[in-house]
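Engineer:
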Amino acid sequence: MEFDVFGMGNALVDMEFAVDDAFLETHGIAKGLMTLVDTERQFAVLQALRGQHGSRACGGSAANTMVAVAALGGRACYAFLVAADEMGDFFLEDLARMGVATTLQGPRPAGSTGSCVVLVTPDAERTMNTYLGISAQLSPAQLDEEAVARSRFVYVEGYLVSSPTARAAAVAAMAMARRHGVRTALSFSDPAMVQYFRLGLEEILGEGVDLLFCNRAEALAWAGCRTLAKAVDSLRQVAGAFAVTLGAEGALLFDGYQLHEVDPFPVAAKDTNGAGDMFAGAFLYGITHGMSFPEAGRLASLAASRVVTRFGPRLAQEEYAALLKDFRAGEMPSTS
157 MEFDVFGMGN ALVDMEFAVD DAFLETHGIA KGLMTLVDTE RQFAVLQALR GQHGSRACGG
217 SAANTMVAVA ALGGRACYAF LVAADEMGDF FLEDLARMGV ATTLQGPRPA GSTGSCVVLV
277 TPDAERTMNT YLGISAQLSP AQLDEEAVAR SRFVYVEGYL VSSPTARAAA VAAMAMARRH
337 GVRTALSFSD PAMVQYFRLG LEEILGEGVD LLFCNRAEAL AWAGCRTLAK AVDSLRQVAG
397 AFAVTLGAEG ALLFDGYQLH EVDPFPVAAK DTNGAGDMFA GAFLYGITHG MSFPEAGRLA
457 SLAASRVVTR FGPRLAQEEY AALLKDFRAG EMPSTS
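If you want the working numbering, it's the 1-based position in the sequence shown plus 156.
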């Protein structure tokens with residue numbers, strides 16, 4: 157089987173809860189950021205949330221992106237690591253249900269599967285406490301070079317930079333892709349990754365990637381500047397093409413030759429968790445299925461606008477077909 161996208165990332169069971177700002181303040185949680193925590197801290201936050209209704213899904217940034225690719229009708233394969241525990245069972249079952257192939261073979265190691273507590277405030281901002289668990293031990297052993305060679309893109313999430321073995325796996329995945337003429341893509345994932353792990357990201361980037369995903373804050377942090385126009389010049393030094401998401405302002409694309417502005421699709425946002433992952437997944441689906449950069453950008457903008465109107469990082473399975481139908485019918489923002 158050939159794949160449109162081979163992804164690699166931290167396998168986390170996402171547990172999402174609606175909270176108010178007071179909850180974040182009471183428990184000393186930095187709003188709007190992804191914070192790495194240990195098992196004791198994760199347990200304490202979950203104890204504080206006991207009795208509140210939440211949702212759970214197989215997640216992690218790259219997993220959400222691979223789910224989007226597959227749910228839209230593409231072929232996705234995912235390299236990851238989960239433990240031999242109940243959450244690991246859940247992760248595998250949920251990923252299979254969404255149609256994503258995996259490289260996981262043989263018995264799973266003992267330990268704890270990673271988790272991410274996603275806290276959504278009334279302003280739709282998402283704040284994440286991430287316990288990597290066994291995912292921190294992700295290594296080149298989880299890669300399948302044959303699957304990489306049969307893919308159109310290799311996609312790596314920037315969150316892998318925080319673990320030495322996972323960073324080595326990301327570097328190895330990029331090297332495999334280049335050996336086999338497979339295009340490479342990277343997401344910066346979070347401003348904290350750019351701020352605190354820049355050298356690691358530079359190692360993953362190597363001589364540059366074919367496609368880079370980031371948001372405005374990450375782009376500005378990478379370039380060390382205050383304007384997007386200046387950041388664009390810096391991004392062009394490390395990526396042949398890129399997509400910068402701008403929240404309610406849409407997105408800015410560079411296809412290797414020219415810039416394209418993608419207008420937003422106005423909605424009332426309830427939860428921004430997964431918006432960037434959805435954008436990347438829909439964009440990768442688009443450009444691996446005959447769409448131009450502007451077309452893929454419009455599809456990605458529409459997909460992201462749909463996911464922020466509900467809680468959770470993905471749509472219901474039947475909604476992806478409706479999304480494509482609406483896109484083809486012209487229900488989408490324009491580009492300029």
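Quick reminder that beta carbons are idealized off the backbone N, C-alpha and C, glycines included.
Once you ignore the five residues that flank L402 on each side, which residues in its own chain have a CB closer than 6 Å to its CB?
Structural biologist: Around L402: R372.
Engineer: Are the beta-carbon atoms belonging to M284 and Y315 less than 8 Å from one another?
Structural biologist: No.
Engineer: Which residues mark the beginning and the end of the alpha helix (DSSP H) in which E451 is found?
Structural biologist: That run of the alpha helix (DSSP H) goes 449 to 463.
Engineer: What does the Cβ neighbour count give for R253, buried or exposed, with the cut at 16 atoms within 10 Å?
Structural biologist: Under this definition R253 is an exposed residue.
Engineer: Considering only the beta carbon of each residue, do F421 and S457 sit closer than 8 Å?
Structural biologist: A contact, by the Cβ cut-off of 8 Å.
Engineer: With a threshold of 6 Å on Cβ separation, who are the neighbours of P320 within its own chain once the five nearest residues in sequence on each side are excluded?
Structural biologist: For P320, where only same-chain residues beyond five positions count, there are no Cβ hits under 6 Å.
Engineer: What residues in its chain sit with their C-beta under 7 Å from that of D360, if we drop five residues either side in the sequence?
Structural biologist: The sequence given here places Ile at residue 360; Asp does not occur at that position. Around I360: V312, V317, R323, A326, V327, M330, L342.
Engineer: Can you tell me where the beta strand (DSSP E) holding R484 begins and where it ends?
Structural biologist: It is not in any beta strand (DSSP E) - R484 instead sits in the alpha helix (DSSP H) that spans 473 to 485.
Engineer: Is the separation between the beta-carbon of M243 and that of D346 shorter than 8 Å?
Structural biologist: No, the pair does not count as a contact, with Cβ atoms beyond the cut-off.
Engineer: Name the residue from H209, K386, A407, A399 whose alpha carbon lies nearest to the alpha carbon of L273.
Structural biologist: Sequence check: residue 273 is Val here, not Leu. When each option's Cα is compared against that of V273, the closest is H209.
Engineer: Buried or exposed: F467, going by 16 or more other Cβ atoms within 10 Å of its Cβ?
Structural biologist: Buried: at least 16 other Cβ atoms inside 10 Å.
Engineer: Please tell me whether S271 and D241 are closer than 8 Å, where the distance is taken between their beta carbons.
Structural biologist: Taking 8 Å as the Cβ cut-off, S271 and D241 do not qualify as a contacting pair.
Engineer: Could you check the C-alpha separation between G289 and T195 for me, to the nearest Å?
Structural biologist: Rounded to whole angstroms, G289 to T195 spans 8 Å at the Cα level.
Engineer: Quick check: S291 and C233, are their CB atoms within less than 8 Å of each other?
Structural biologist: Cβ atoms of S291 and C233: not closer than 8 Å.
Engineer: Which of helix, strand or coil does DSSP assign to N429?
Structural biologist: In this structure, N429 counts as coil in the three-state DSSP scheme.
Engineer: Less than 8 Å between C-beta atoms, sequence neighbours within five positions excluded: which residues of the same chain meet that for D389?
Structural biologist: Closer than 8 Å at Cβ, skipping near neighbours: A379.
Engineer: Any idea what DSSP makes of T286, helix, strand or coil?
Structural biologist: Three-state DSSP puts T286 in a strand.
Engineer: Would G380 count as contacting chain B if we go by Cβ distances under 8 Å?
Structural biologist: The structure shown contains no chain B; it is built from a single protein chain.
Engineer: Taking E242 as part of the alpha helix (DSSP H), name the residues at either end of that continuous run.
Structural biologist: Start and end: 242 to 253.
Engineer: Going by beta-carbon coordinates alone, are R212 and A239 separated by less than 8 Å?
Structural biologist: The answer is no: Cβ separation not under 8 Å.
Engineer: Just checking my contact of L282 with N429 at CB under 8 Å: how many whole Å lie between their CB atoms?
Structural biologist: According to the sequence shown, residue 282 is Arg rather than Leu. Contact flag correct, Cβ pair sits at about 4 Å.
Engineer: By the three-class DSSP mapping on this structure, what secondary structure does G437 have?
Structural biologist: Helix at G437.
Engineer: Looking at the strands, I want to know which residues DSSP matches up with A297.
Structural biologist: The partner list for A297 (beta bridge, DSSP) is empty, contrary to what the question assumes.
Engineer: Kindly list the residues whose CB is nearer than 7 Å to the CB of S492, restricted to its own chain and excluding five residues on each side of it in sequence; keep chain order.
Structural biologist: Per-residue confidence for S492 stands at a pLDDT of 47, beneath the threshold of 50, marking its modelled position as unreliable; the derived number appears in the next sentence. Only E417 meet the Cβ criterion.
Engineer: Under the three-state reduction of DSSP, which class applies to N220: helix, strand or coil?
Structural biologist: Reduced to three states, the DSSP call for N220 is helix.
Engineer: Just how far apart, CA to CA, sit L480 and E474?
Structural biologist: Rounded to the nearest angstrom, the two C-alpha atoms are 11 Å apart.
Engineer: Output the distance between the C-alpha atoms of A204 and D411, rounded to the nearest integer angstrom.
Structural biologist: Each residue's Cα considered, the two are about 46 Å apart.
Engineer: Leaving out five residues before and five after E451 in sequence, what residues of the same chain have Cβ atoms less than 7 Å from its Cβ?
Structural biologist: Within the same chain, E451 has close Cβ partners G442.
Engineer: Apart from the five residues on each side of it in sequence, which residues of its chain come closer than 8 Å, Cβ to Cβ, to K386?
Structural biologist: Excluding sequence neighbours, K386 sits near A379.
Engineer: Quick one, which of G437, L408, G188 has its alpha-carbon nearest A219's?
Structural biologist: Among G437, L408, G188, the Cα nearest to that of A219 is on G437.
Engineer: Is it buried or exposed, E172, if we count other Cβ atoms within 10 angstroms and call 16 or more buried?
Structural biologist: Buried, since its Cβ has 16 or more Cβ neighbours within 10 Å.
Engineer: Who are the Cβ neighbours of M488 in its own chain at under 8 Å, not counting the five residues just before and after it?
Structural biologist: Residue placement at M488 is flagged as unreliable, the pLDDT there being 49, under the threshold of 50; a coordinate-derived value is accordingly withheld.
Engineer: Where in the segment 307 to 340 do unbroken runs of the beta strand (DSSP E), each at least 3 residues long, occur, reported from the N-terminal end onward?
Structural biologist: You should have 307 to 313.
Engineer: Would a C-beta distance cut-off of 8 Å place L180 and L275 closer than the cut-off?
Structural biologist: Contact flag set, yes.
Engineer: Between which two residues does the alpha helix (DSSP H) containing F162 stretch?
Structural biologist: That residue, F162, is in no alpha helix (DSSP H); its beta strand (DSSP E) goes 159 to 164.
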